[in-house]
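**Q** Mind looking over this structure? Questions follow.
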Ligand SMILES: [Zn+2]
Ligand SMILES: [Zn+2]
């Protein structure tokens, strides 16, 4: 009997602990992957908490439907170890990244390719067991992506921070005015956004982050200007320097402060894509919304088609690798704690 190791959630709002179970046998279109790497994402922290912060002391319960023990982790790359009867045997032994935003496959959203919008989703590491483990069972071989010649760490992180950053930016490409672009919040997704933005946009890219270290890292990785949102009178300075504000903004932080900052430096007719989940609550006078003719769109994850698009872009060599730090899978809880404490720059990738 083959066994697999997992770093499991055994209780919400408590540290992960190792569990050992029988390795599942793939059926039909399923694939069993031996995991090489799994990136650590902010949303793993929210799932571990069991709630999302709605602001004003209110919480959204996110524990429903989860059977414990449960394995987090959705930025997975590995080697195909075993396949179901309906999958080509030649796939065995190949190295692949795993698209985790898997839907039910039957609803209208899924049939139209928008599996990330599925209400009965089977997201890996969110709804079904994910990548903080030695193995993962993938529901269908079609969710595996070739990534050669990219490094394995980059391939893994493209599946969440990559597809989220790419998808958020894609929603700003077809805009009437493209004078400038601002990225707010330079955690793992924001850094990935900076890398993709340089491949997708012609204009200079500005960034904003409260952390000096994050700003320095962004300037070293292609940002033209880095702003500190806490600087006195920063809004006035930005409006002056940009001659009216930013036409396009991605808020990769997604809290009340980052959103207030985004609105304050948005040009008339501009658009903000909110892609962060730090939480909180935001309100705005209606007249300001109308006067500014602003557009605000929420976005997370992405479709399988978008994952293929961004993988093609990255494999073409146009996307610079982002800062990453490789750590042992068994230390995942240590790095969850570090991420929670804001002590991580770029992406932590856990290695088996
Ligand atoms: Zn994620
Ligand atoms: Zn569905």
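Residue numbers (the working numbering): -11 to 340.
C-beta atoms are modelled at their ideal positions from N, C-alpha and C, and glycine is treated no differently.
Model, not experiment: these values are computed from the prediction.
1) Would a C-beta distance cut-off of 9 angstroms place residue 197 and residue 214 closer than the cut-off?
2) Just reading off the alpha helix (DSSP H) that residue 152 is part of, what are its end residues?
3) Please identify the residue among 101, 116, 34 and 91 whose C-alpha is closest to the C-alpha of residue 107.
4) Can you give me the Cβ contacts of residue 13 inside the same chain, cut-off strictly under 8 angstroms, excluding the 5 residues immediately before and after it?
5) Under the rule that 16 or more other beta-carbon atoms within 10 Å means buried, what is residue 277, buried or exposed?
6) Which residue from 111, 44, 294 and 244 puts its Cα closest to that of residue 156?
7) With DSSP run on the structure shown, which of helix, strand or coil describes residue 283?
8) So, under 8 angstroms CB-CB, residue 18 and residue 120 are touching, yes? Tell me the CB distance rounded to an integer number of Å.
9) Under the three-state reduction of DSSP, which class applies to residue 26: helix, strand or coil?
10) Under a Cβ-count criterion, where at least 16 other Cβ atoms within 10 Å of its own Cβ denotes burial, should residue 109 be classed as buried or exposed?
11) Return the CA-CA distance between residue 172 and residue 79, expressed in angstroms with no decimal places.
12) Of the residues 29, 89, 147 and 122, which one's Cα is nearest the Cα of residue 67?
13) For residue 266, collect the residues of the same chain with a Cβ closer than 6 angstroms to its Cβ; drop the 5 residues on either side in sequence, then sort them by chain order.
14) Count the CB pairs spanning the segment 175 to 182 and the segment 123 to 141 that are closer than 8 angstroms, and state whether there are at least three.
15) In chain order, what residues of the same chain have a beta carbon less than 6 angstroms from the beta carbon of residue 117, not counting five sequence neighbours either side?
16) If you run the structure through DSSP and keep just helix, strand and coil, what is residue 52?
17) List in chain order the residues whose CB is within less than 5 angstroms of at least one heavy atom of ligand 1.
18) Short check: CB of residue 233 to CB of residue 262, under 9 angstroms?
19) Could you check what DSSP says for residue -10 in three-state terms: helix, strand or coil?
20) Could you tell me the distance, in whole angstroms, from the CA atom of residue 230 to the CA atom of residue 312?
21) In chain order, what residues of the same chain lie with their CB nearer than 7 angstroms to the CB of residue 5, ignoring the 5 residues before and after it?
22) Quick one, which of 30, 39, 36 and 132 has its alpha-carbon nearest residue 327's?
23) Residue 66 bridges to which residues according to DSSP?
24) Near residue 285, what residues of its chain come up, given a Cβ to Cβ distance below 8 angstroms and the 5 sequence neighbours on each side ignored?
25) Determine the burial state of residue 1: buried for a count of at least 16 other Cβ atoms within 10 Å of its Cβ, exposed for fewer.
26) Can you look up residue 98 in the DSSP assignment and give me helix, strand or coil?
27) Here's a check: name, in chain order, each residue in its chain whose Cβ is nearer than 8 angstroms to the Cβ of residue 74, leaving out the five neighbours to either side.
28) Please confirm whether residue 98 and residue 62 have their CB atoms less than 9 angstroms apart.
29) Would you identify the three-state DSSP class for residue 256, choosing helix, strand or coil?
**A** So, from the listed chains and residues:
1) Residue mapping note: residue 197 aligns to position 209 of the chain shown, counting from 1. Residue mapping note: residue 214 aligns to position 226 of the chain shown, counting from 1. Closer than 9 angstroms, so yes.
2) In the chain shown, counting from the first residue as 1, residue 152 sits at position 164. Element bounds for residue 152: 151 to 158.
3) Taking the first residue of the chain shown as position 1, residue 107 is located at position 119. For the residues 101, 116, 34 and 91, the minimum Cα distance to residue 107 belongs to 91.
4) Mapped onto the chain shown, residue 13 falls at position 25. Residues of the same chain with a CB within less than 8 angstroms of the CB of residue 13, apart from the 5 flanking positions on each side, are 20 and 70 in chain order.
5) Your numbering for residue 277 matches position 289 in the chain shown. When all chains shown are included, residue 277 counts as exposed.
6) One-based indexing of the chain shown puts residue 156 at position 168. Closest option to residue 156, Cα to Cα, is 294.
7) The sequence position of residue 283 within the chain shown is 295, counting from 1. Strand at residue 283.
8) Looking up residue 18 in the chain shown gives position 30. Looking up residue 120 in the chain shown gives position 132. Not quite, the Cβ-Cβ distance comes to about 20 angstroms (not below 8 angstroms), so this is no contact.
9) Taking the chain shown and counting its residues from 1, one reaches residue 26 at position 38. Looking at residue 26 - three-state DSSP - the assignment turns out to be strand.
10) Residue 109 sits at position 121 when you count from the first residue of the chain shown. Buried is the label assigned to residue 109, since at least 16 other Cβ atoms lie within 10 Å of its Cβ.
11) Translated into the one-based positions of the chain shown, residue 172 becomes position 184. Translated into the one-based positions of the chain shown, residue 79 becomes position 91. Distance between the alpha carbons of residue 172 and residue 79: 40 angstroms.
12) Translated into positions along the chain shown, residue 67 becomes position 79. With distances taken between Cα atoms, residue 67 lies closest to 122.
13) Your numbering for residue 266 matches position 278 in the chain shown. So the list reads 241, 242 and 243, once near-sequence residues are dropped.
14) no
15) Start at 1 with the first residue of the chain shown, and residue 117 comes out as number 129. Sequence-distant partners of residue 117 (beyond 5 residues in either direction) whose C-beta falls short of 6 angstroms from its own C-beta, in its chain, are 59.
16) Working through the chain shown from its first residue, we reach residue 52 at position 64. Note: residue 52 maps to coil in three-state DSSP.
17) 29, 31 and 148
18) Within the chain shown, residue 233 is the residue found at index 245, counting from 1. Within the chain shown, residue 262 is the residue found at index 274, counting from 1. Result no, Cβ atoms of residue 233 and residue 262 do not sit closer than 9 angstroms.
19) For this step, residue -10 is matched to residue 2 along the chain shown. Coil at residue -10, not helix or strand.
20) For the purposes of this step, residue 230 is identified with residue 242 of the chain shown, where counting begins at 1. For the purposes of this step, residue 312 is identified with residue 324 of the chain shown, where counting begins at 1. Spanning the two alpha carbons is a distance of roughly 32 angstroms.
21) To locate residue 5, count along the chain shown from 1; it is residue 17. Cβ neighbours of residue 5 beyond the five flanking positions: -4 and -2.
22) Translated into positions along the chain shown, residue 327 becomes position 339. It is 30 whose Cα lies nearest to the Cα of residue 327.
23) Sequence index remark: in the chain shown, residue 66 carries index 78 (1-based). According to DSSP, which records beta bridges pairwise, residue 66 is partnered with 23 and 84.
24) Counted from its first residue, the chain shown places residue 285 at position 297. The answer, listed in chain order, is 159, 259, 260, 261 and 262.
25) Position 13 of the chain shown holds residue 1. It is exposed - the Cβ of residue 1 has fewer than 16 other Cβ atoms within 10 Å.
26) The residue given as residue 98 occupies position 110 in the chain shown. Three-state result, residue 98: helix.
27) As a working mapping, residue 74 is identified with position 86 in the chain shown. Cβ neighbours of residue 74 beyond the five flanking positions: 16 and 17.
28) Here residue 98 refers to the residue found at position 110 when the chain shown is read from its first residue. Here residue 62 refers to the residue found at position 74 when the chain shown is read from its first residue. In this structure, residue 62 does not lie closer than 9 angstroms to residue 98 by Cβ.
29) Position 268 of the chain shown, counted from the start, is the residue given in the question as residue 256. Correct three-state label for residue 256: strand.
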